[in-house]
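Quick note, the sequences are listed as chains A, B and C, same order.
Quick note: the first sequence, position 97, residue 97 per the working numbering, numbers continuous.
Quick note: the second sequence, position 23, residue 1023 per the working numbering, numbers continuous.
Quick note: the third sequence, position 108, residue 2108 per the working numbering, numbers continuous.
The structure appears right after this line, and notes come after that.
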Amino acid sequence: MAKSIEQRVRELEDRDEIKELTARYCWHVARGESEAVANLFTDDGVLDVTNADFKPVRGREALLKFYRASVREPEAALPFIQNHVIELSGDDARGTCAIEARFARNGESVTAAGYYEDKYRRERGRWRFAERKLFFHHVVPLKQGWAEAKGRSRKA
Amino acid sequence: MAKSIEQRVRELEDRDEIKELTARYCWHVARGESEAVANLFTDDGVLDVTNADFKPVRGREALLKFYRASVREPEAALPFIQNHVIELSGDDARGTCAIEARFARNGESVTAAGYYEDKYRRERGRWRFAERKLFFHHVVPLKQGWAEAKGRSRKA
Amino acid sequence: MAKSIEQRVRELEDRDEIKELTARYCWHVARGESEAVANLFTDDGVLDVTNADFKPVRGREALLKFYRASVREPEAALPFIQNHVIELSGDDARGTCAIEARFARNGESVTAAGYYEDKYRRERGRWRFAERKLFFHHVVPLKQGWAEAKGRSRKA
């Protein structure tokens, strides 16, 4: 059955809002605003950084604790999101987007590239992250480059 | 009061046009097309590069003069825009977007990251920049990297 | 004549789908999925890399052959698309978008920036690439940088 104009407009709005959700995540990370980052997730939201020795972080309290510890300082991490693909299904959605990032770690300039596999859900009237799985292609010192780091995005 | 479909479609179109406005800015800068860049501003448009020793540039004539002096050569500056967040309010809007840029300066490769705080206004039928405030996180030689340059985005 | 709401919604959907088309191209390239890349083109699609010693690749069979030879390995090329501008004209469209890319070549980290001039066409119900012309500003070893490579985007 053909979608109504109302539904098509709603879907366009949803897609815009989901893109802005990923943009807001970047903004708050760049500013060191840990609580604002955690609040972009659903109450049962999950973060998984797949190719580090990383235990998935589940639920608002754990996310708040995690981001308070890891997003403390402005400009320590500068993420940039591109190549966004979104599939809507009512109040749920899935998407993938690429990330490039600049980190400053122990006085060293670090460059990274990777991608997110995201699940989004509309909760309390707003689109939020139900799950973010982050796969890094590489996270390497700028002086070293990425050529030798290939293949890190496959989960062990 | 719920928005009409007409209004919702208009807002979606506005958001698309504003995103393209920031894309066009990048295109014309990359091509060294100074007048085209200046013409993306409203007649009373303002450019402020906040963390340089920079006096805000106000109004079309001053913008034309500024961009003629600073955007002269193709490929001297390659800006890339991401992470766009836009808030509409009728014929006005505000937004933020992240920028990564590659500069060639005196034979040196320079890399930059920062963000814009923008005000947009519909003027003569098109969305234009009423104000661009550019905050750089860093503008550094590629060989040096950004780790030591942190904190430059806070206005003095 | 003013466009109908139906037409305006369709155009917004078209623009979203075209942006996702360029995103999907990046995803499949990053994953080394050559057939999926080739299938994003129309049956008579053309790829032209303008500033290499490159003969344009025309048509599905030639595209499949080309991408099978050049997109073989995951993470050998990581493209990121930004600054997208699209002009629709019914079932045809034109657009430009900027590209940054990270390559790994013979153990060396290579960084690139450039832009696409694209033609899109709706074929068998989906937007596809009718033509991609890729212009590189530079494709250089990360250790070397781009300052000396300026001017490479002008077609000889």
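Beta carbons are placed, not taken as given, at the ideal position from N, Cα and C, and that holds for glycine.
Item, Value
"Please tell me whether residue 2141 (chain C) and residue 2111 (chain C) are closer than 9 Å, where the distance is taken between their beta carbons.", "yes"
"Considering only residues of the same chain and omitting the five flanking positions on each side of residue 2043 (chain C), which have a CB-CB separation below 8 Å?", "2059, 2060, 2123"
"Give me the chain A residues within the contact set of residue 1012 (chain B), using Cβ-Cβ distance strictly less than 8 Å, ordered along the chain.", "9, 12, 13, 16"
"If you run the structure through DSSP and keep just helix, strand and coil, what is residue 66 (chain A)?", "helix"
"Beta carbons nearer than 9 Å to chain A: which residues of the stretch 2072 to 2091 of chain C have them?", "2073, 2074, 2075, 2076, 2078, 2079, 2080, 2081, 2082"
"On the DSSP bridge assignment, give the partners of residue 1082 (chain B) in chain order.", "B:1098"
"What residue range does the beta strand (DSSP E) around residue 1022 (chain B) cover?", "Looking at the DSSP string, residue 1022 (chain B) is not in any beta strand (DSSP E); the run it does join, the alpha helix (DSSP H), is 1005 to 1031."
"How would you write the range of the beta strand (DSSP E) that residue 1035 (chain B) sits in, first residue to last?", "First-last for residue 1035 (chain B): 1034 to 1038, but that is the alpha helix (DSSP H), not the beta strand (DSSP E)."
"Shorter than 9 Å from the beta carbon of residue 142 (chain A) to some beta carbon of chain B?", "yes"
"Could you tell me whether the Cβ atoms of residue 2015 (chain C) and residue 2086 (chain C) are closer together than 9 Å?", "yes"
"Which partner residues does residue 2141 (chain C) have in the DSSP bridge list?", "C:2110"
"Kindly indicate if chain B contains any beta-carbon less than 9 Å away from that of residue 2154 (chain C).", "Low per-residue confidence applies at residue 2154 (chain C): pLDDT is 47, beneath 50, and the placement is therefore not dependable enough to give any value."
"Taking Cβ-Cβ distances shorter than 7 Å, what residues in chain C pair up with residue 113 (chain A)?", "2078, 2102"
"Do you know offhand how far residue 1065 (chain B)'s Cα is from residue 1057 (chain B)'s?", "9 Å"
"Please report the residue range of the beta strand (DSSP E) in which residue 41 (chain A) lies.", "41 to 49"
"Can the beta-carbon of residue 2084 (chain C) be found less than 9 Å from the beta-carbon of residue 1030 (chain B)?", "no"
"Do residue 147 (chain A) and residue 2113 (chain C) come within 9 Å of each other at the CB atom, strictly closer than that value?", "no"
"Would you decide whether residue 1095 (chain B) is buried or exposed? Buried here means 16 or more other CB atoms lie within 10 Å of its CB.", "buried"
"What residues from chain A crowd round residue 1002 (chain B), counting only those whose CB sits closer than 7 Å?", "Those do not exist, as residue 1002 (chain B) stays about 11 Å from chain A at its closest Cβ, beyond 7 Å."
"Which whole-angstrom value is the C-beta distance of residue 1041 (chain B) and residue 1126 (chain B), which I expect to be below 8 Å?", "The Cβ separation is near 11 Å, so there is no contact."
"DSSP three-state call for residue 123 (chain A): helix, strand or coil?", "strand"
"Cα-Cα, which of A:93, A:45, A:99, A:132 is closest to residue 17 (chain A)?", "A:93"
"With a CB to CB cut of under 7 Å and the five nearest residues on each side skipped, what residues in its chain are close to residue 2139 (chain C)?", "2110, 2112"
"According to a CB-to-CB cut-off of less than 7 Å, which residues of the stretch 15 to 44 of chain A neighbour chain B?", "16, 20, 23, 24, 26, 27"
"Can you check whether the CB of residue 53 (chain A) is closer than 9 Å to the CB of residue 132 (chain A)?", "no"
"Note down, in chain order, every chain A residue with its Cβ under 9 Å from the Cβ of residue 2107 (chain C).", "147, 148"
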